[in-house]
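Report on the following structure.
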Amino acid sequence: DGGITQSPKYLFRKEGQNVTLSCEQNLNHDAMYWYRQDPGQGLRLIYYSQIVNDFQKGDIAEGYSVSREKKESFPLTVTSAQKNPTAFYLCASMRAGDNQPQHFGDGTRLSIL
Amino acid sequence: AQSVAQPEDQVNVAEGNPLTVKCTYSVSGNPYLFWYVQYPNRGLQFLLKYITGDNLVKGSYGFEAEFNKSQTSFHLKKPSALVSDSALYFCAVRPTGFQKLVFGTGTRLLVSP
């Protein structure tokens, strides 16, 4: 079945540590996105990529980094510079075209130890 | 600036009654509008979209939405609510030519037996 796989489901970060969240899609979608979800704030865009080897900052990129070396993969690194990383992180992908919906993975919940 | 408002944090409805979840938007140009549903600890699932044409859009699980250009609204409706419809609902807008979605803050729907 086609879809988006996020791993791990739960992740714990120690102070000063970088952690990487995985996102893989087999939908052959060109565009991929990372969102952060906090209670009562909806989804906020961290980074997005419309093509391999290219990505753009979203609304809250500080303290995060990404790479897009392969079409199907878009990992997100939460760096130690992100002082409040506790949140639910969602990855999404989309086929090219304005009227296409985004498809979402089942998220990674990141907490601080 | 593009924005989406979901004025109700929570909507309560009895099973079998009709439900409405409200959404208004502010974008330049003609928007593409989307509704998503999220169950606990899961990603967002696409319900329906409005691109152009008929103002009443039908989607998954018996949901529909009414686009009103003059009121810049896109309310989600269902004629008869089910307890299993209880979830978090997000409205989103994509301005024409943009690859990013702008999300509302979400409305929690609680359907009581």
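Respectively, the protein sequence lines represent chains A and B.
With my numbering, the residue at position 11 of the first sequence is 16, and numbering never jumps.
With my numbering, the residue at position 71 of the second sequence is 79, and numbering never jumps.
Note that CB positions come from ideal geometry on N, CA and C, so glycine has one too.
These numbers come from a predicted model, not from an experiment.
Any C-beta of chain A under 9 Å from that of residue i
i, result
"LEU52/B", "yes"
"TYR44/B", "yes"
"GLN10/B", "no"
"GLY61/B", "no"
"PHE82/B", "no"
"ASN20/B", "no"
"LEU118/B", "no"
"ASP17/B", "yes"
"ASN76/B", "no"
"LEU64/B", "no"
"PHE98/B", "yes"
Nonlocal neighbours in the same chain, by C-beta distance under 6 Å from residue i, ignoring five residues either side
i, result
"VAL101/B", "VAL12, TYR33, VAL35, PRO39, LEU41 and VAL110"
"ILE59/B", "TYR40"
"SER12/A", "SER27"
"GLN30/A", "ILE9, GLU77 and SER98"
"LEU118/A", "PHE17 and LYS19"
"ASN20/B", "LEU118"
"GLN10/B", "VAL35, PRO103 and VAL110"
Contact set for residue i: own chain, Cβ-Cβ below 8 Å, skip 5 residues either direction
i, result
"PHE109/A", "ILE9, LEU95, CYS96 and ALA97"
Any chain B beta carbon closer than 9 Å to residue i
i, result
"ALA92/A", "no"
"ASN104/A", "yes"
"PHE109/A", "yes"
"ILE65/A", "no"
"GLN11/A", "yes"
"GLY21/A", "no"
"ALA36/A", "yes"
"GLN46/A", "yes"
Straight-line gap, residue i to residue j (C-alpha atoms, nearest Å)
i, j, result
"GLY21/A", "GLU77/A", "29 Å"
"TYR121/A", "PRO80/A", "The shown model of chain A, from 6 to 118, leaves out residue 121/A, and the question about it has no answer."
"PHE82/B", "GLY37/B", "16 Å"
"TYR69/B", "ASP62/B", "19 Å"
"GLN87/A", "ARG18/A", "11 Å"
"GLY105/B", "GLY102/A", "9 Å"
"LYS66/B", "GLN105/A", "16 Å"
"TYR47/B", "LEU96/B", "6 Å"
"THR28/B", "ASN23/A", "43 Å"
"VAL45/B", "LEU55/B", "7 Å"
"ARG100/A", "CYS99/B", "20 Å"
Enclosing beta strand (DSSP E) for residue i [first to last residue]
i, result
"ILE51/A", "48-56"
"ARG73/A", "ARG73/A -> no beta strand (DSSP E), and no H or E assigned at all."
"PRO39/B", "39-46"
"HIS34/A", "HIS34/A -> no beta strand (DSSP E), and no H or E assigned at all."
"ILE59/B", "Careful: ILE59/B lies outside any beta strand (DSSP E) and carries neither H nor E."
"PHE71/B", "Taken as a continuous stretch (DSSP letters only), PHE71/B belongs to no beta strand (DSSP E), as it is neither H nor E."
"LYS88/A", "Element bounds for LYS88/A: n/a, residue is neither H nor E."
"THR80/B", "Element bounds for THR80/B: n/a, residue is neither H nor E."
Cβ neighbours of residue i in the same chain (closer than 7 Å, five flanking residues each side left out)
i, result
"GLU23/B", "ALA89, LEU90, VAL91, VAL119, SER120 and PRO121"
"SER72/A", "PRO80"
Test: residue i CB closer than 9 Å to a CB of chain D
i, result
"GLN55/A", "Going by chain labels, chain D is absent from the structure shown, which instead holds the protein chains A and B."
Segment contact flag, the region 28-40 of chain A with the region 51-67 of chain A, C-beta cutoff 8 Å, min 3 pairs: yes
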